[in-house]
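S.K.: Position one of the sequence shown corresponds to residue 629 (our numbering), numbered consecutively onward. Using N, Cα and C, we set each Cβ at its ideal position, and we do this for glycine too. Every value quoted in this text rests on a predicted model; they were computed, and no experiment measured them.
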Amino acid sequence: MLDTSKTYDLLVIGGGNAALCAALTAREAGCSVLLLEGAPIDFRGGNTRHTRNLRCMHEGPQDILTDAYPEEEYWQDLLKVTGGLTTEHLARMLISDTSRCRPWMMKHGVRFQPPLGGTLHLSRTNAFFLGGGKALMNAYYDSAERLGIDIHYEAEVVDLEIEGGAFKSATVAYQGAQHKVRAKAVVIACGGFESNLEWLREAWGPPADNFLVRGTPYNRGTVLKMLIAHGAKTISDATQGHCVAIDARSPKYDGGIITRVDAVSLGIVVNKESKRFYDEGEDFWPKRYAIWGRLVAGQPDQIGYSIIDSKAMGKFMPPVYPPIRASSLRELAEKLELSPESLEITIAQFNAAVREGTFDHTIQDDCVTEGLVPPKTHWARKIDTPPYFAYPLRPGITFTYLGVTVDDKSRMLFQDEQPAKNIFAAGEIMAGNVLGKGYLAGIGMSIGTTFGRIAGAEAARYVNG
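(1) Which value, in whole angstroms, describes the spacing of the CA atoms of Phe905 and Gln803?
(2) For the pair the stretch 843-852 and the stretch 679-696, tell me if three or more CB-CB distances fall below 8 Å.
(3) Within its chain, find whatever has a CB closer than 7 Å to the CB of Ala981; leave out the 5 residues flanking it on each side and keep chain order.
(4) Indicate the three-state DSSP secondary structure (helix, strand or coil) for Thr676 in the structure shown.
(5) Going by DSSP, what residue range makes up the beta strand (DSSP E) through Pro1020?
(6) Beta carbon of Asn1050, beta carbon of Gly819: below 8 Å?
(7) For Cys871, write down the residues that DSSP places opposite it in a beta bridge.
(8) Using the Cα positions of Pro1014 and Leu894, report the straight-line distance between them to the nearest angstrom.
(9) Please report the straight-line C-alpha distance between Gly985 and Ala918, rounded to a whole angstrom.
(10) Taking the alpha-carbon of Gly1084 as reference, which of Glu962, Ser660, Thr632 and Met629 has the nearest alpha-carbon?
(11) Can you grab the Cα-Cα spacing for the pair Val809 / Thr635, in whole Å?
(12) Taking the beta strand (DSSP E) that Ala1096 belongs to, which residues open and close that run?
(13) At what residue ranges does the stretch 955-1012 contain a whole run of the beta strand (DSSP E), taking only runs of 3 or more?
(14) On the DSSP bridge assignment, give the partners of Tyr933 in chain order.
(15) Could you spell out where the beta strand (DSSP E) holding Tyr636 opens and where it closes?
(16) Counting pairs of Cβ atoms below 8 Å between the stretch 675-685 and the stretch 745-755, do you hit three or more?
(17) Given that a residue counts as buried once 16 or more other Cβ atoms are within 10 Å of its Cβ, and exposed if not, what is Met1058?
(18) Please determine, among Arg922, Ala805, Lys861 and Thr714, the residue with the shortest C-alpha to C-alpha distance to Pro1047.
(19) According to DSSP, is Asp770 part of a helix, a strand, or is it coil?
(20) Helix, strand or coil for Ala1053? Go by DSSP, reduced to three states.
(21) By how many angstroms is the C-alpha of Thr1078 removed from the C-alpha of Arg916?
(22) Helix or strand or just coil, what does DSSP make of Gln704?
(23) Could you spell out where the alpha helix (DSSP H) holding Ala1083 opens and where it closes?
(24) On the premise that Tyr949 lies in contact with Ala1018, defined as a C-beta separation below 8 Å, what is that separation, rounded to the nearest angstrom?
(25) Comparing alpha-carbon positions, which option in Gln806, Ile896 and Val785 lies nearest Pro1002?
(26) Glu965: which of Ser864, Gly1066, Asn899 and Gly883 sits nearest, CA to CA?
(27) Taking 8 Å as the cut-off, does the stretch 1018-1035 touch the stretch 862-870 (at least 3 CB pairs, one atom from each stretch)?
(28) What residue from Leu764, Tyr881 and Asp770 has the CA that sits closest to Phe821's CA?
(29) The alpha helix (DSSP H) spanning Asn645 covers which residue range?
(30) Let's test the definition: count the other Cβ atoms within 10 Å of the Cβ of Gly776 and tell me whether it reaches 16, buried, or not, exposed.
(31) Which one of Lys708, Gln741, Ala654 and Leu1021 has the shortest CA to CA distance from Lys1065?
(32) For the stretch 789-806 against the stretch 719-736, do three or more pairs of beta-carbon atoms, one drawn from each stretch, fall closer than 8 Å, so that the two count as touching?
(33) Can the beta-carbon of Arg1009 be found closer than 8 Å to that of Phe987?
(34) Quick one, which of Ser633, Val800 and Gln690 has its alpha-carbon nearest Val1096's?
(35) State buried or exposed for Ile641, treating a residue as buried only when at least 16 other CB atoms are found within 10 Å of its CB.
(36) Per DSSP, what kind of secondary structure is Gly1094 in: helix, strand or coil?
Encoded structure:
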């Protein structure tokens, strides 16, 4: 039962990586902690269930990480994908923390493994969880239960009482009734609004109707709206987020990582008019794969098609859905309901522009196009060896970046730049402080881990005086 007679030291709203990191850290500091997860127990963990790794800075080889990934390289990678839309001092805090967070994670049961086939190029930058994100969440929940953290599922926060810049209580819908929960401090770690279709449509207009929600169906932005109504200073905007090109045959919600199509850089991508619209070989997929959701969102009817030939098969991680296969380009176009003539022209023009060098998908090779707009700057090979294959693409929203601004203690800021007295934020709901746009593979988990632990530590410091 939910104990409403008790005033907890800390209330944590959310049940994913950031929430558990905050709860565990505060509990280690001696705080009584109540964690409210809006999802049922089988779906606990938010988007963390679909993750595999976190991006880690390190100055030299470390167990499952190879070589070195120093702070400045990490920072430059982040600058490149965000176009400078990041808060540098918070981003550098994040980068630094990723060099020392893994022992803490392992103390709470997380186990790591070397990257497997298809991800070996990430062995230098990303630490992979043994069993993936769901195993990580199970480890954290086991640790939380052992430490005496009170956890309730299907507990949705429907109202917040905030007075004088301070949190007082939360109203929770739980087991058919509403309850008021009090705590000396609160950590908001309940994600973005990617599964709120009305909010997506408000931001994107009619194109949002064709979006698929790659992430959890339980991130509806309810608490984010409350914080904004209470005067929280927002950051980023509602159209920014982790938006990936995923298989168009994926479910509307919760498809996760297995719906992503990684064949993009090995062929071409066309829209419904059979026209290319961006450089498929711009960079390695960990740095560029998250731009393709927005690119497809900008095409007619928000649909695209990744097209490869038999030379590309076996060189990328296959998604959950099999490719559409044909013995000729004309047959492939017919199966995709594209104009056969238009597709044949597009591919003939592409093939004529290819200047083949030494193909090597593990480096930025010298296989390029010449005189073609848009160009393909790496991994350009003629599409000329049947059978031919295609994956239909839709924009897949993983999580949104519109959120609340925080300071270096992970305290939420109000519109007058004043920090809240006892309101902390971590994870996706404040990710826009680091990710104004773009994405680096594994950095979402890094944000949740770093700022979850900061929020938990600072909340405990506030409570303990």
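M.R.: So, from the data block:
(1) 50 Å
(2) No, they do not touch.
(3) Within the same chain, Ala981 has close Cβ partners Thr997, Glu998, Gly999 and Leu1000.
(4) helix
(5) Tyr1016 to Thr1028
(6) no
(7) Ile1025
(8) 15 Å
(9) 27 Å
(10) Ser660
(11) 7 Å
(12) In this structure the chain extends from 629 to 1093, so residue 1096 is not present and cannot be described.
(13) none
(14) Per the DSSP secondary-structure output, Tyr933 pairs in a beta bridge with Val898 and Pro1020.
(15) Secondary structure note for Tyr636: its beta strand (DSSP E) is the uninterrupted segment Thr635 to Ile641.
(16) yes
(17) So Met1058 ends up on the buried side.
(18) For Pro1047, the nearest C-alpha among the options comes from Lys861.
(19) helix
(20) Looking at Ala1053 - three-state DSSP - the assignment turns out to be strand.
(21) 23 Å
(22) helix
(23) Ile1071 to Asn1092
(24) Not really, about 11 Å apart at Cβ, beyond 8 Å.
(25) Ile896
(26) Asn899
(27) yes
(28) Tyr881
(29) Asn645 to Glu656
(30) By the neighbour-count criterion, in which 16 or more other beta carbons inside 10 Å mark a residue as buried, Gly776 falls on the exposed side.
(31) Lys708
(32) Counting C-beta pairs with one atom in each stretch, the stretch 789-806 and the stretch 719-736 have fewer than three that are closer than 8 Å, which means they do not touch.
(33) yes
(34) The structure shown has nothing for residue 1096, since the chain only spans 629 to 1093.
(35) buried
(36) The chain is shown from 629 up to 1093; residue 1094 falls before or after that span and cannot be answered.
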